[in-house]
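Student: Protein sequence lines, in the order shown, are assigned to chains A and B.
Position one of the first sequence corresponds to residue 1 (UniProt numbering), numbered consecutively onward.
Position one of the second sequence corresponds to residue 1 (UniProt numbering), numbered consecutively onward.
Where a beta carbon is used, it is the ideal one built from N, C-alpha and C, also for glycine.
Every value quoted in this text rests on a predicted model; they were computed, and no experiment measured them.
Number of protein chains: 2
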Amino acid sequence: MNIGEIARRAGVSRSTVSYALSGKRPVSEDTRRRIQQVVDELGYQPSASARALANGRTSTIGLVFPPAGNHYTGMQLDFIGSVVEAAAACDYDVLLSPSGVDSDRSFQRLLGERRVDGAILMEIRLEDDRADHLARLGFPSVAIGRTAHAEDGWFVGLDHTALAAACVHHLADLGHRRIAFVNRPEQLLRSGYESAHRGLDGFTKAAAERGLTVRTYCCGDDPASGQACLERILHDDPATTGLVTLNEAALGGLYRGLAHAGRHVPRDFSVTGVVANRWAETVTPQLTAADVPAAEMGRLAVDLLVERLGRPEAPPRHHLLVPPISLRASTGPAGA
Amino acid sequence: MNIGEIARRAGVSRSTVSYALSGKRPVSEDTRRRIQQVVDELGYQPSASARALANGRTSTIGLVFPPAGNHYTGMQLDFIGSVVEAAAACDYDVLLSPSGVDSDRSFQRLLGERRVDGAILMEIRLEDDRADHLARLGFPSVAIGRTAHAEDGWFVGLDHTALAAACVHHLADLGHRRIAFVNRPEQLLRSGYESAHRGLDGFTKAAAERGLTVRTYCCGDDPASGQACLERILHDDPATTGLVTLNEAALGGLYRGLAHAGRHVPRDFSVTGVVANRWAETVTPQLTAADVPAAEMGRLAVDLLVERLGRPEAPPRHHLLVPPISLRASTGPAGA
DNA sequence: TTGAAAGCGGTACCAT
DNA sequence: ATGGTACCGCTTTCAA
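1) Taking DSSP as the reference, what is the three-state secondary structure of N247 of chain A?
2) Hey, could you find the ends of the beta strand (DSSP E) T161 of chain B is sitting in?
3) Going along the chain, which residues of the stretch 89–104 of chain A sit with their C-beta nearer than 9 Å to a C-beta in chain B?
4) Looking at the secondary structure, which residues open and close the beta strand (DSSP E) in which G62 of chain B lies?
5) Within its chain, find whatever has a CB closer than 6 Å to the CB of L240 of chain B; leave out the 5 residues flanking it on each side and keep chain order.
6) For F107 of chain A, which of A:S141, A:V38 and A:E41 has the nearest alpha-carbon?
7) Name the chain B residues that come within less than 7 Å of V283 of chain A, Cβ to Cβ?
8) Look at D221 of chain B and R278 of chain B and say whether their C-beta atoms are less than 8 Å apart.
9) To the nearest angstrom, report how far apart N55 of chain A and D91 of chain B are at their CA atoms.
10) Quick check for students: name the residue ranges of the alpha helix (DSSP H) that lie wholly in the stretch 186–240 of chain A, counting only runs of 4 or more.
11) Could you check whether V265 of chain A and S330 of chain A sit closer than 8 Å to each other, using their CB atoms as the reference points?
12) Please confirm whether V101 of chain A and R146 of chain A have their CB atoms less than 8 Å apart.
13) Establish whether the CB of L53 of chain B and some CB of chain A are separated by less than 8 Å.
14) Could you tell me which chain A residues have their CB closer than 7 Å to the CB of I61 of chain B, listed as they occur along the chain?
15) At 7 Å on the CB atoms, spell out the chain A contacts of P223 of chain B, in chain order.
16) Just to make sure I have the definition right: I need the residues of chain B whose C-beta is within less than 8 Å of the C-beta of E123 of chain A. Which are they?
17) Can you check whether the C-beta of T58 of chain B is within less than 8 Å of a C-beta belonging to chain A?
18) Using only the alpha-carbon positions, how far apart do D104 of chain A and L77 of chain A sit?
19) Less than 8 Å between the C-beta atoms of E296 of chain B and Q45 of chain A, yes or no?
20) Buried or exposed: R109 of chain A, going by 16 or more other Cβ atoms within 10 Å of its Cβ?
21) What first and last residue would you give for the alpha helix (DSSP H) that runs through D78 of chain A?
22) Measuring CB atoms only, is the stretch 253–262 of chain B touching the stretch 255–263 of chain A, in the sense that at least three cross pairs come out at less than 8 Å?
23) Can you give the Cα-Cα distance for L171 of chain A and T216 of chain A, rounded to whole angstroms?
24) Our contact map puts L95 of chain B next to D93 of chain A with C-beta atoms below 8 Å; I'd like the distance itself, whole angstroms only.
25) If we ignore side chains and look at the alpha-carbon of each, how far apart do I325 of chain B and S270 of chain B end up?
26) Indicate whether at least one CB of chain B lies closer than 8 Å to the CB of R114 of chain A.
27) Taking the alpha carbon of T31 of chain A as the reference point, which residue from A:S13, A:D237 and A:L42 has its own alpha carbon closest?
28) Q286 of chain B: which of B:L327, B:F79, B:L309 and B:L163 sits nearest, CA to CA?
29) Taking any Cβ of chain A, which residues in the UniProt domain "HTH lacI-type" (1–55) of chain B have a Cβ under 7 Å from it, in chain order?
30) Does the beta carbon of E85 of chain B come closer than 8 Å to any beta carbon on chain A?
31) Can you list, in chain order, the residues of its chain whose CB lies under 7 Å from that of A166 of chain A, leaving out five sequence neighbours each side?
32) Under 6 Å Cβ to Cβ from C188 of chain A, same chain only, skipping five residues before and after it: list those, please.
33) For D102 of chain A, which three-state DSSP category applies?
34) With distances taken between CB atoms, is the gap from S22 of chain B to L53 of chain A smaller than 8 Å?
35) If you follow the alpha helix (DSSP H) that N2 of chain B is part of, which residue opens it and which one closes it?
36) Measure the C-alpha to C-alpha separation of D152 of chain A and R317 of chain A and round it to an integer number of angstroms.
See below:
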């Protein structure tokens, strides 16, 4: 059933039906009611494809994130959930595109076939070909994360440098002198993954500032890798008394490694880092950490994108968040 | 740039371009090459909206799941991830719809506006108005989960009754006589959420069969609720020596509650249940559990849907999975 | 082997 | 206040 059918039954023209429904032109109260009645009776809804073709807008936004391979981190998934809900609140649908690079078929479809009005990019790298590609095209998009030269772009990001530094200072203030850094997998670091780089950077600088002895590690995104990583840490320097991690998926494994090594948290060993609070609260003792406000970030990204879609010439805006460290139960004075 | 532009530059008609690209009609090798060259030069890709309008297919599938409110469980999110990737492998895009009931705007859009060719439904209830709605319309869909009368439908599900029963038998075999059941939140149970119902059912029947003393609890989807729930369990019956849970989000809290109560797992208390293996491996000691093969289920759902889309008259098919219990480290003999 | 043209289902301009 | 119609960009039938 199409708009012509409605027009016929209501005894008016197709354009009148269109206007009655969109309100873009005054329609006499009488005919409007008649049309509405037919519409209700038949449960008519205009075809999204036809409408998109006619007015050049799809009312859909694309959400681009790398294929997980094995599994997604909790943080990624929190982003997805919050983006979808925020978009629904604005009557936008969300099309998912598992694309890590701009050559992915799904990414090409999204843009080339004009399936979406704008895009939100997740898992940003410092040099990100997807972001560059979109910028070059002038395609409306917002990044969750911050590229190396993002000052003039649209994004919502976390100041990972500051967050990692804050974790170091927290441990240093508690008297820890020998600490480790547990990063995301080496492959992500090498490919220029933003949080891994900036986090490592912030950790290293802050530790140097405080004159700490440090070791840094990459670690797979799973508990088994976390456990193995912790064993290496204690093997490499048994005097280590604390660690900072960005790797929430490994967190459970890190704790398990500590337990196996007979180190009590937080009495013998302090753990902190940057993770979504869902994970911070899952482990025992609960993790003192800079909580990633994933839900808020997703919402902000949608708001930014909707704003940008509404005013194509608006100057770039962004949100750079620095959530505070939530004191929970996983850190304590060194050598207590 | 559109197909007309390509036609002009290649010196052929629009239909020839269309056929050259789709291969639905023979085109002389010579013109085909000429067209392809223009296409490559200009990076032409046909508009998805126009194509959808013309041939009535969107090459998009809808993924319907309830809005999270607070946050998604790991299992839900694993489903989403695997569905998206499986769909991408078949060159389908995935449109997300956060809809718990068939009156949700987003759900209406998906169907009414014909945005998708088919749909995958998550978080099935025994009586599910979304599933009924789709069935009535004859709209191609596949459920992840099994309604009360699903025998003749398209779905991929877990035999929660059998899984919960298996957990009970596992504990009973180890000599446990007084055990508890930690279900999903009461609101989900009341609304007829499938896994909560069938799981409770399987637990209750199996426990009766084995003559066990049981108590059943509903528990919020978060660590704090898990901890509170465990306190209630030990308060209600301090002699309880084991529990079965479907609530992965509460798992960390259950463990914490046990630790606080001074019960060592698995020496003093055994824990088991039905959860995604990511969670089972995160906690220490790792959870002996029936692992929910979320990734496989998402893939199967997509396969089923693609099959159904290809052959509209195909008879309903389904997969009812009964994953085995993975023995890890959270259960042990009673009173050891 | 190729072209012309009629849809697909809307929107919006130009008339009346 | 309403109607007629061109157009959005592609697919597919019909003709040549």
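Tutor: Working from what's here:
1) Locating residue 247 of chain A in the first sequence gives position 247, counting from the first residue. In this structure, N247 of chain A counts as coil in the three-state DSSP scheme.
2) Translated into the one-based positions of the second sequence, residue 161 of chain B becomes position 161. Careful: T161 of chain B lies outside any beta strand (DSSP E), inside the alpha helix (DSSP H) at H160 to D173.
3) D91, D93, V94, L95, L96, S97, P98, S99 and D104
4) Numbered from its first residue, the second sequence carries residue 62 of chain B at position 62. Note, G62 of chain B: beta strand (DSSP E), T60 to F65.
5) Your numbering for residue 240 of chain B matches position 240 in the second sequence. Note that residue 240 of chain B corresponds to Thr in the displayed sequence, not to Leu. So the qualifying residues of the chain are R178, A180 and I233.
6) Counting from one through the first sequence, the residue named residue 107 of chain A turns up at place 107. Residue A:S141 is the option with its Cα nearest to F107 of chain A.
7) The count along the first sequence starts at 1 and reaches residue 283 of chain A at position 283. Ordered by position in chain B, the residues that pass the 7 Å Cβ test against V283 of chain A are G252.
8) On the second sequence, residue 221 of chain B is found 221 positions in, with the first residue counted as 1. On the second sequence, residue 278 of chain B is found 278 positions in, with the first residue counted as 1. It is not a contact, given that the beta carbons lie outside the stated cut-off.
9) Within the first sequence, the letter at position 55 stands for residue 55 of chain A. Within the second sequence, the letter at position 91 stands for residue 91 of chain B. C-alpha separation (whole angstroms): 26 Å.
10) 186–190, 194–209 and 223–236
11) Here residue 330 of chain A corresponds to residue number 330 of the first sequence, with the count starting at 1. Here residue 265 of chain A corresponds to residue number 265 of the first sequence, with the count starting at 1. The answer is yes: Cβ separation under 8 Å.
12) Reading the first sequence from its first residue, position 101 is the one you call residue 101 of chain A. Reading the first sequence from its first residue, position 146 is the one you call residue 146 of chain A. No, the pair does not count as a contact, with Cβ atoms beyond the cut-off.
13) Translated into positions along the second sequence, residue 53 of chain B becomes position 53. With 8 Å as the cut-off, L53 of chain B counts as an interface residue toward chain A.
14) Along the second sequence, read from residue 1 onward, the residue named residue 61 of chain B stands at position 61. Ordered by position in chain A, no residue passes the 7 Å Cβ test against I61 of chain B, which lies about 11 Å from the chain.
15) Counting from one through the second sequence, the residue named residue 223 of chain B turns up at place 223. E281 and T282, listed in chain order.
16) By 1-based counting over the first sequence, the position of residue 123 of chain A is 123. Result: empty, since nearest Cβ-Cβ is about 13 Å, beyond 8 Å.
17) Residue 58 of chain B sits at position 58 when you count from the first residue of the second sequence. Taking Cβ atoms only, chain A reaches closer than 8 Å to T58 of chain B, which makes this a yes.
18) Position 104 of the first sequence, counting from 1, holds the residue named residue 104 of chain A. Position 77 of the first sequence, counting from 1, holds the residue named residue 77 of chain A. Each residue's Cα considered, the two are about 20 Å apart.
19) Locating residue 296 of chain B in the second sequence gives position 296, where the first residue counts as 1. Locating residue 45 of chain A in the first sequence gives position 45, where the first residue counts as 1. Not in contact: E296 of chain B and Q45 of chain A (Cβ atoms no closer than 8 Å).
20) Against the first sequence, residue 109 of chain A aligns to sequence position 109. Result: buried.
21) Counting from one through the first sequence, the residue named residue 78 of chain A turns up at place 78. First-last of the alpha helix (DSSP H) with D78 of chain A: G74 to A89.
22) no
23) As a working note, residue 171 of chain A is residue 171 in the first sequence. As a working note, residue 216 of chain A is residue 216 in the first sequence. Their Cα atoms are separated by approximately 15 Å.
24) On the second sequence, position 95 is the one that residue 95 of chain B refers to. On the first sequence, position 93 is the one that residue 93 of chain A refers to. Yes, they are in contact, since the Cβ atoms of L95 of chain B and D93 of chain A sit about 5 Å apart, within 8 Å.
25) Within the second sequence, numbered from 1, the residue matching residue 325 of chain B stands at position 325. Within the second sequence, numbered from 1, the residue matching residue 270 of chain B stands at position 270. Approximately 14 Å between the Cα atoms of the pair.
26) Mapped onto the first sequence, residue 114 of chain A falls at position 114. Taking Cβ atoms only, chain B reaches closer than 8 Å to R114 of chain A, which makes this a yes.
27) Residue numbering aside, residue 31 of chain A sits at position 31 when the first sequence is read from its first letter. It is A:S13 whose Cα lies nearest to the Cα of T31 of chain A.
28) Mapped onto the second sequence, residue 286 of chain B falls at position 286. Checking every option, the nearest Cα to that of Q286 of chain B belongs to B:L327.
29) Q45, P46, S47, A48, S49, A50, A52 and L53
30) Here residue 85 of chain B refers to the residue found at position 85 when the second sequence is read from its first residue. For E85 of chain B, the answer is yes, since a Cβ of chain A falls inside 8 Å of its Cβ.
31) To locate residue 166 of chain A, count along the first sequence from 1; it is residue 166. Taken in chain order, the residues that qualify are A290 and I325.
32) Residue 188 of chain A sits at position 188 when you count from the first residue of the first sequence. Before going further, note that residue 188 of chain A is Leu rather than Cys in the sequence given. Contacts found: A196.
33) In the first sequence, the residue the question calls residue 102 of chain A occupies position 102. DSSP places D102 of chain A in coil when its eight states are reduced to three.
34) Mapped onto the second sequence, residue 22 of chain B falls at position 22. Mapped onto the first sequence, residue 53 of chain A falls at position 53. No.
35) Counted from its first residue, the second sequence places residue 2 of chain B at position 2. Counting along the chain, N2 of chain B falls outside any alpha helix (DSSP H), and DSSP gives it neither H nor E.
36) On the first sequence, residue 152 of chain A is found 152 positions in, with the first residue counted as 1. On the first sequence, residue 317 of chain A is found 317 positions in, with the first residue counted as 1. So the alpha carbons of these two residues sit roughly 8 Å apart.
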